[in-house]
């Protein structure tokens, strides 16, 4: 599975799934644009990407600000001339019982999990068309397929991004743009640990599991429609 000569843009790339995706794509031959809020984390992943011989642009970005999202896309185009693979990975997960959901938490979740992927996709779509096509991976969740009582805000955002991805997949078929919603089950990330402090991380998926899935999706030929990819851990597995 190779991405030689291609450019990937990954949001939320400072840690977790985003970092794993950025490194997997670099190891597969891609140059990578990494975006996150924390500059020090971006510089760390940038160093790791350059250590495997790939070019990397690190762009600190607040995805709640439209001007910064547009700047991220523009800097990616300026740095490498185009984007072949867009990974909308950055996410927010703040859980409350429904009557206790603060409006600002709802708005933040939708801004990062839904609005930012829309803004980046809109900014880069025509460039992908001019480039001959591309791949858009929106990191969703199984929570966008089955909601729980305590994660209404997060689930609503993931249902939304899955629906958005379905529209992108259909709109992109005539212009060789493939779109896929990657829907992981529980993944051992800092964000999940914050919401589930007593959970044993060895019993759930790893960021590298999701990165391998993302790389598989990104390297499918344009003739293949893979609109949704669900990955969960087999509870019966032992090894």
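Numbering (our numbering), first residue to last: -12 to 226. Every residue, glycine too, gets a C-beta built ideally from N, C-alpha and C. Please read these numbers as outputs of a predicted model, since none were measured by experiment.
- Per DSSP, the continuous alpha helix (DSSP H) segment holding residue 58 begins and ends at 53 to 67.
- Contact check for residue 201 against residue 124 passes: the beta carbons are separated by less than 7 Å.
- With a 10 Å radius around the Cβ and a threshold of 16 neighbouring Cβ atoms, residue 161 comes out exposed.
- Residue burial annotation: residue 90 is exposed, with fewer than 16 other C-beta atoms found within 10 angstroms of its C-beta.
- Unbroken alpha helix (DSSP H) runs of no fewer than 4 residues, entirely contained in the segment -8 to 18, are found at 3 to 14, following chain order.
- Close CB contacts of residue 35 within its chain, under the 7 Å cut and outside five residues either way in sequence, are with 10 (chain order).
- Judged by beta-carbon spacing, residue 75 lies beyond the 7 Å limit of residue 47, meaning their Cβ atoms are not closer than that value.
- For residue 121, the enclosing beta strand (DSSP E) stretches over residues 121 to 126.
- Beta-bridge pairing by DSSP links residue 215 to 168.
- Proximity of the segment 1 to 9 to the segment 54 to 61 falls short of the contact definition, fewer than three beta-carbon pairs being nearer than 8 Å.
- The distance from the Cβ of residue 51 to that of residue 22 is about 13 Å, inconsistent with a contact at the 8 Å cut-off.
- For residue 135, the closest alpha carbon among the candidates 45, -5, 92, 83 is that of 83.
- When DSSP states are grouped into helix, strand and coil, residue 76 belongs to the coil group.
- Per DSSP, reduced to three states, the secondary structure at residue 95 is helical.
- Close CB contacts of residue 67 within its chain, under the 8 Å cut and outside five residues either way in sequence, are with -6, 18, 20, 42, 44 (chain order).
- The beta carbons of residue 206 and residue -11 sit about 7 Å from each other, so the pair counts as a contact at 8 Å.
- Put simply, of 15, 178, 176, 122 the residue whose alpha carbon is nearest the alpha carbon of residue 152 is 122.
- For residue 200, the three-state secondary structure derived from DSSP is helix.
- DSSP, reduced to helix, strand and coil, places residue 47 within a strand of the structure shown.
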